[in-house]
Amino acid sequence: MATRKIKYINIDADKCSGCRLCESICSASHADPPYSLVNPGRSRIRVFRDEDNDVYIPVLAGPYTDVECLGRNTVMVKGKEYGECSFCRASCPSRDLFREPETDIPLKCDTCESINSEPLCVKWCLSKCLTFEEVEEEVEEETPAAA
Amino acid sequence: MPYCWMGTDLEVDLSCGTIEKRAGDAGLVRDYLTGKGAGAKILWDRVTPEVDALSPDNLFIISSGILTGTVIPGAGHSTVTYKSPITGIYCISNLGGFFGPELKRAGYDTLVVSGKSPTPVYLWINGDHVEIRDASHLWGKDPEETRQLVRQEVKNSRAQVICIGLAGENRVYNATVEHGTGDCAGRGGTGMVMGDKNLKAIAVYGTKDIQMADRGRLFDLSEIILKKLSGNRSVIVENSAATYYRTGIRWGDFCNFSGERGPELEAQIRDMKRKASDYMQQHRSREIGCFNCALRCKHEYRNPDSGYTFLKCAPYYPAICTQVFDPAFSVQFYQICNKYGLDIYAAGNMVAFAIDLYQRGILTKEDTDGMHLEWRNPEVALALIEKIAKREGIGDVLADGTYRAARRIGKGAEERAITVKKMDVYMSGLMHRHHIAFMVAHNDKADLMKLEGSTFSVIMHLPQEAREAYVREGWFAYPKELEKYLIEGTDETHTPPAEAVCQFKAHDLEQFALADATGICVYYMHFWMYPAISRALLAELLTAATGMDIDEAEATRIARRIVNLVRAYNVREGLRRKDDIDSIPKHVFERNPPAPEVKLDRDVWNKLTDRFYEIRGWDKEGIPTRQTLTESGLDYVIEDLERRGIRAS
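Protein chains in written order, with the working numbering: chain U, 35 to 181; chain B, 27 to 675.
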């Protein structure tokens, strides 16, 4: 059995203070050139906030999809109904979340690998809502697909 | 062109419904930064003494700080500048939360609202697209509902909304502009100005970049700030509002409460501390931060039956004003004020004032629609607030603010009104020491807010060793030349030397000016016991972020320019020495403090004022001298003042 390193950014939403420092540092550190700008629209982590209902959920940008979902589900949190898009990680054509403003280039969290750093959103999160974990996981050796 | 600066200002004239985008002036940014600086400059240029605070020509200016929206922790504030209907002079309210950064990302540093709409409207700023929309269906709605409805209508759940509640609509003098999660531009009558313009709400959303100049440096500096915020502190200050209130009682000064102030009341406050901490553990559901802020000073409370309330610090204030020592009541008090968009501190003061008058027989049952006003009665307090917000019965009189209400009521009510420059005072009990009272009297906004926890009022009173450690560990945020005063400490009467009082006051004004012009929260620069950003560090941040070459001396020059412009503005409005020194309620001078502290003395007070004016470069009447104004590059101010017959010496 081979192993590989899996990186986890764990979210404890109860600890989120909704300050969006993670959005700022993410967009700044991934900018070209680095730290030349701040724009949450370019961030690969966005905090979903509903301040009237005590819902604060950091959402990390996930995979790109070129089609939107066919059906839409709803999610009930603390007695209030939200569209599932609110917490969805996809960069998808139905909304502008996780796509660069103007260019529309999809964004995806790379746990700061592309900038050779530990995840900065985690480092800058003083409320300890975000934590980072690296786990060695066993993976099955790849076998050529049967013809 | 400076970095961090969007370069465009937005002006909306509600009288004619025009929207104008104007290129900003980079030279002005260099001289005044944005935020408080920009607001003061626009107000000086356009809101002259001829303009009444409640005329369409008064402006409602929201300006983000120059560093707002950058990566710097704590840089998320904006300021609201206007001529206050309460004081009739310059006023600034600081707005936390998320509005400032969003306004900048929409592309604007400053938003100026002028004129007066014939019907209720709200403003929708979606980047380049700006629209004045009908708000008649929102009229009467509370801030929470308004925010949700506006977000639905503009189809953007991430839009940032500020709005007024019923109090603002009804032109209650102490109405606020509410933003959510306990953020509001509160003191001074912001909500009344907005309501007077028939402007219910402003919603903003933007996706523009905020550019920063020196990349790596700014990141490094920000990491230093974060480290300071999370670092260990060997000097731990045992400090709480409860301590202040207990001291206040010993001084026999307690808002309007005229009942027994002996050990029993003191014990109740001590008990309240325990009750409040129990309540906090049970009901506090979250700590909330403003944009880019890791301090999380806003506490969210879950109420069993009425949603969420947000408050800072401990819930003592409503308890003191009403003598109801129950944290659950305090939370309710905050909630009802937020719901109506009413300044909590003024509301407490007005309620205490009304109960006091009733107890003295100045108000009777006929005045109060049969309501019996008494201390220790939560229903009475909440009912009064409701009446004020709705301008019903006695509430209509109180809604004019304590100062004006006292004059309407007469019969000696004036003597019981606790105001500073006509503004309702927050926690008058804190004016127990004369150096604190002095700070309040000479603030450019007649307010005690953010003085009660500052280096000067707290750290100054620690033991020698702790003060030295405080400086050694780098928590002293003022310029280095003031260090010696802190090390020196207070004398045997717990009073700092006169020179220290004047120096700290002079620098306080500068510190506030810099915080509000850069958009950095005063918690980082001055107010909190452990400010993470010293003036030297701020200068470095400014240079790294904006690309303008600003060292500590230049930052101080900018601060002085703003302070002098604001002073000149108030002088032009007629403010003079007597308005400063007579602004503190008379009883503060009449109290006999417990030993070893000494009574506040008029002579000392006058000497302090002389010295303070001298340090600031103002003459004996408090008018900035010709030399001061020229040094600050304010020659146009000299000309304007002279045209109006005010001679700077």
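Ideal Cβ placement from N, Cα and C applies to all residues, glycine included.
Helix, strand or coil at residue i [DSSP, three-state]
{"i": "residue 160/B", "result": "strand"}
{"i": "residue 181/U", "result": "No answer about residue 181/U holds up, because its pLDDT of 48 lies below 50 and its placement is not dependable."}
{"i": "residue 86/B", "result": "strand"}
{"i": "residue 89/U", "result": "strand"}
{"i": "residue 233/B", "result": "coil"}
{"i": "residue 162/U", "result": "coil"}
{"i": "residue 95/U", "result": "coil"}
{"i": "residue 140/U", "result": "strand"}
{"i": "residue 416/B", "result": "helix"}
{"i": "residue 155/B", "result": "strand"}
{"i": "residue 148/U", "result": "helix"}
{"i": "residue 670/B", "result": "coil"}
{"i": "residue 546/B", "result": "strand"}
{"i": "residue 36/B", "result": "strand"}
{"i": "residue 173/U", "result": "strand"}
{"i": "residue 525/B", "result": "helix"}
{"i": "residue 518/B", "result": "coil"}
{"i": "residue 410/B", "result": "helix"}
{"i": "residue 167/U", "result": "strand"}
Residue i: first and last residue of the uninterrupted beta strand (DSSP E) it sits in
{"i": "residue 84/U", "result": "79–84"}
{"i": "residue 336/B", "result": "334–338"}
{"i": "residue 43/U", "result": "36–45"}
{"i": "residue 441/B", "result": "Not the beta strand (DSSP E): residue 441/B falls in the alpha helix (DSSP H), residues 439–442."}
{"i": "residue 592/B", "result": "That residue, residue 592/B, is in no beta strand (DSSP E); its alpha helix (DSSP H) goes 578–598."}
{"i": "residue 29/B", "result": "Here residue 29/B belongs to no beta strand (DSSP E), and DSSP marks it neither H nor E."}
{"i": "residue 45/B", "result": "44–49"}
{"i": "residue 377/B", "result": "Premise fails: residue 377/B lies in the alpha helix (DSSP H), 370–385, not in any beta strand (DSSP E)."}
{"i": "residue 136/B", "result": "136–140"}
In DSSP terms, what residue i is bridged to
{"i": "residue 108/B", "result": "117/B"}
{"i": "residue 117/U", "result": "108/U"}
{"i": "residue 228/B", "result": "149/B, 188/B"}
{"i": "residue 435/B", "result": "Its beta-bridge partners do not exist; DSSP assigns none."}
{"i": "residue 357/B", "result": "According to DSSP, which records beta bridges pairwise, residue 357/B is partnered with nothing at all."}
{"i": "residue 324/B", "result": "314/B, 338/B"}
{"i": "residue 558/B", "result": "Looking at the DSSP assignment, residue 558/B forms no beta bridge with any residue, so it has no partner."}
{"i": "residue 133/U", "result": "140/U"}
{"i": "residue 125/U", "result": "98/U"}
Unbroken alpha helix (DSSP H) run spanning residue i, endpoints
{"i": "residue 305/B", "result": "289–309"}
{"i": "residue 63/B", "result": "62–72"}
{"i": "residue 241/B", "result": "241–256"}
{"i": "residue 511/B", "result": "509–514"}
{"i": "residue 569/B", "result": "561–572"}
{"i": "residue 156/U", "result": "154–157"}
{"i": "residue 98/B", "result": "Neither: residue 98/B is in no alpha helix (DSSP H) and is coded neither H nor E."}
{"i": "residue 131/B", "result": "125–131"}
{"i": "residue 607/B", "result": "603–607"}
{"i": "residue 57/B", "result": "52–58"}
Cross-chain neighbours of residue i in chain U, by beta carbon under 9 Å
{"i": "residue 366/B", "result": "In chain order: nothing, as chain U lies at least about 16 Å away."}
{"i": "residue 334/B", "result": "85, 86, 87, 88"}
Proximal chain U residues relative to residue i, where beta-carbon distance stays under 8 Å
{"i": "residue 255/B", "result": "160"}
{"i": "residue 174/B", "result": "86"}
{"i": "residue 207/B", "result": "52, 85"}
{"i": "residue 441/B", "result": "The contacting residues do not exist; residue 441/B stays about 43 Å from chain U at best."}
{"i": "residue 241/B", "result": "67, 68, 69, 70"}
Chain-ordered neighbours of residue i on chain B, where CB pairs are closer than 9 Å
{"i": "residue 96/U", "result": "Correct list: empty, because the minimum Cβ distance to chain B is about 19 Å."}
Proximal chain B residues relative to residue i, where beta-carbon distance stays under 7 Å
{"i": "residue 59/U", "result": "97"}
{"i": "residue 55/U", "result": "99, 318, 320"}
{"i": "residue 36/U", "result": "Ordered by position in chain B, no residue passes the 7 Å Cβ test against residue 36/U, which lies about 37 Å from the chain."}
{"i": "residue 135/U", "result": "233"}
Chain-ordered neighbours of residue i on chain U, where CB pairs are closer than 7 Å
{"i": "residue 237/B", "result": "70, 71"}
{"i": "residue 326/B", "result": "88"}
Cross-chain neighbours of residue i in chain B, by beta carbon under 8 Å
{"i": "residue 128/U", "result": "None at all; the shortest Cβ gap to chain B is about 13 Å."}
{"i": "residue 75/U", "result": "131, 233"}
{"i": "residue 62/U", "result": "97, 238, 245"}
Within chain D, partners of residue i - CB distance below 8 Å
{"i": "residue 252/B", "result": "Going by chain labels, chain D is absent from the structure shown, which instead holds the protein chains U and B."}
* To do: Return the chain-ordered ranges of every alpha helix (DSSP H) run that is complete within the stretch 444–503 of chain B and spans a minimum of 4 residues.
  => 460–467, 481–484, 490–498
* **Inside the stretch 612–666 of chain B only - alpha helix (DSSP H) runs reaching at least 4 residues** => 613–616, 628–642, 652–657
* Which parts of the stretch 166–221 of chain B are runs of the beta strand (DSSP E), unbroken and 3 residues or longer, counting only runs that do not cross its ends? -> 186–189, 203–206, 209–211
* **alpha helix (DSSP H) runs contained entirely in the stretch 51–76 of chain U, provided each spans 4 or more residues** => 55–63
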